[in-house]
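669 is the number of the first residue of the sequence shown in this note's numbering; add one for each residue after it.
Glycine included, C-beta positions come from ideal geometry on N, C-alpha and C.
Every value quoted in this text rests on a predicted model; they were computed, and no experiment measured them.
Data first, discussion second: the structure below is written as structure tokens.
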Amino acid sequence: MSSPDTLLSGVALITGGASGIGRATSLALVSHGVRRLGILDIDMVKAEETTLELKSKFPDVEVILVHADMANEESVITGINKIVQNFGRIDYAVNNAGVGGKLGPTTEISGSDFRSTIDINLIGLWVCQREEIRHMLKQEPLENGSAVRNRGVIVNMSSMLGAVGTCAETPAAAYCASKHGIVAITKSDANYYGPENIRINAICPGFVSTPPMLHALRQSEIMKAELQKVPLRRFAKPEEIAEGVCFLASPMSGYMCGAAMLMDGGYTAQ
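Now the structure itself:
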């Protein structure tokens with residue numbers, strides 16, 4: 669059994685928390701003190717696997733799994749309500765669920781493919797944030813021993829492609845549009861709800877060494893070339909991005925509101 673630190677406390681909710689960055693973030697939230705965690709995901713098999721791993725390392729953690737489809741508004745609303753009904757509040761919300769969508773030049777992408785990516789990555793996230801804020805507005809700040817007291821904190825998963833476009837070799841207009849949109853939603857709602865003591869920020873990862881990305885790196889000369897553009901000459905580990913999420917959720921970032929924090933190994937600094 670691992671002993672958690674106390675950087676975080678209270679209730680955390682994460683969408684897409686079953687695999688990749690989401691799984692690493694679920695583990696990181698608990699390792700930093702969260703003991704009540706709600707995971708919303710469309711893949712219940714992987715969600716169960718993540719829950720078993722969490723409980724094996726932290727036997728006292730309480731995890732609620734909810735099947736939720738980010739493209740279905742009612743599914744999202746029902747899922748978030750279930751977490752609140754069980755835990756009573758949401759102190760940290762990590763809106764991580766998303767898809768890469770269909771890659772290709774704009775002239776070769778159908779309207780339905782474009783809309784599908786936007787529906788999941790952007791509108792789905794916005795619905796999550798709307799419902800999370802509605803619940804946070806009803807709750808008192810969490811007593812966490814810090815001078816900084818928030819009614820709730822939201823961290824949205826954008827991308828370095830929320831700051832720049834893709835290279836010509838990997839066109840992805842819909843994905844870029846969705847990730848730029850996440851930054852815009854983050855900034856807009858952070859401005860409006862900051863006075864209500866709700867902090868909202870986005871995190872913008874670069875290339876992350878998830879299994880699909882590692883496979884692409886082995887098979888694709890394009891991805892090998894992209895790796896050479898990263899000043900650190902490596903892809904991020906999911907755990908590194910997860911620690912960034914926890915930083916944005918914690919009192920350590922208490923004066924950050926409406927920020928889009930890049931974690932890209934220096935890719936966009938060139």
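Query	Result
Tell me the rounded alpha-carbon separation between residue 713 and residue 752.	23 Å
Could you check the C-alpha separation between residue 893 and residue 846 for me, to the nearest Å?	25 Å
If you follow the alpha helix (DSSP H) that residue 716 is in, where does it begin and where does it stop?	712 to 725
Residue range of the alpha helix (DSSP H) that residue 885 falls in?	879 to 887
Say whether chain C places a C-beta atom closer than 9 Å to the C-beta of residue 777.	Structure shown: chain C not included; a single protein chain is present.
Below 8 Å, how does it come out for the stretch 728 to 748 and the stretch 700 to 720: are there three or more Cβ pairs, yes or no?	yes
What's the C-alpha gap between residue 936 and residue 928?	13 Å
Using the C-alpha atoms, what's the distance from residue 883 back to residue 844?	22 Å
Take residue 768 as the anchor and find which of 840, 823 and 806 has the nearest alpha-carbon.	840
For residue 878, which residues from the same chain have a beta carbon less than 6 Å from its beta carbon, with the 5 sequence-adjacent residues on both sides left out?	688
In terms of residue numbering, what span does the beta strand (DSSP E) encompassing residue 872 cover?	866 to 873
By DSSP's criteria, residue 683 is part of a beta bridge. Which residues make up the other side?	708 and 763
To which residues does DSSP link residue 698 through a beta bridge?	Paired residues: none, contrary to the question.
Which residue marks the beginning of the beta strand (DSSP E) containing residue 617, and which one marks its end?	The structure shown does not extend to residue 617, since the chain is modelled only from 669 to 938, so the question has no answer here.
So what's residue 799 in DSSP terms, helix, strand or just coil?	helix
If we call anything under 9 Å between Cβ atoms a contact, is residue 800 one with residue 822?	yes
Could you check which residue in 798, 700, 908 and 865 has the C-alpha nearest to that of residue 668?	Past the edges of the chain, shown from 669 to 938, lies residue 668, and the structure says nothing about it.
Measuring only the C-alpha atoms, how far is residue 679 from residue 836?	42 Å
What is the C-beta distance between residue 872 and residue 917, in whole angstroms, given that I count them as a contact (C-beta under 8 Å)?	About 16 Å; that fails the 8 Å criterion.
Measuring CA to CA, which of 838, 860 and 828 is closest to residue 850?	828
So, helix, strand or coil for residue 729, using DSSP?	coil
Ordered along the chain, which non-local residues of its own chain (more than five positions away) have a Cβ less than 8 Å from that of residue 696?	907, 910, 911, 913 and 914
If we call anything under 9 Å between Cβ atoms a contact, is residue 875 one with residue 934?	no
For residue 820, list the residues DSSP reports as bridge partners.	866
From the DSSP secondary-structure annotation, give me the bridge partner or partners of residue 904.	876
With DSSP as the reference, identify every bridge partner of residue 978, one or two as the case may be.	With the chain covering only 669 through 938, there is no way to say anything about residue 978.
Going by CA-CA distance only, name the one from 855, 728 and 842 that's closest to residue 775.	842
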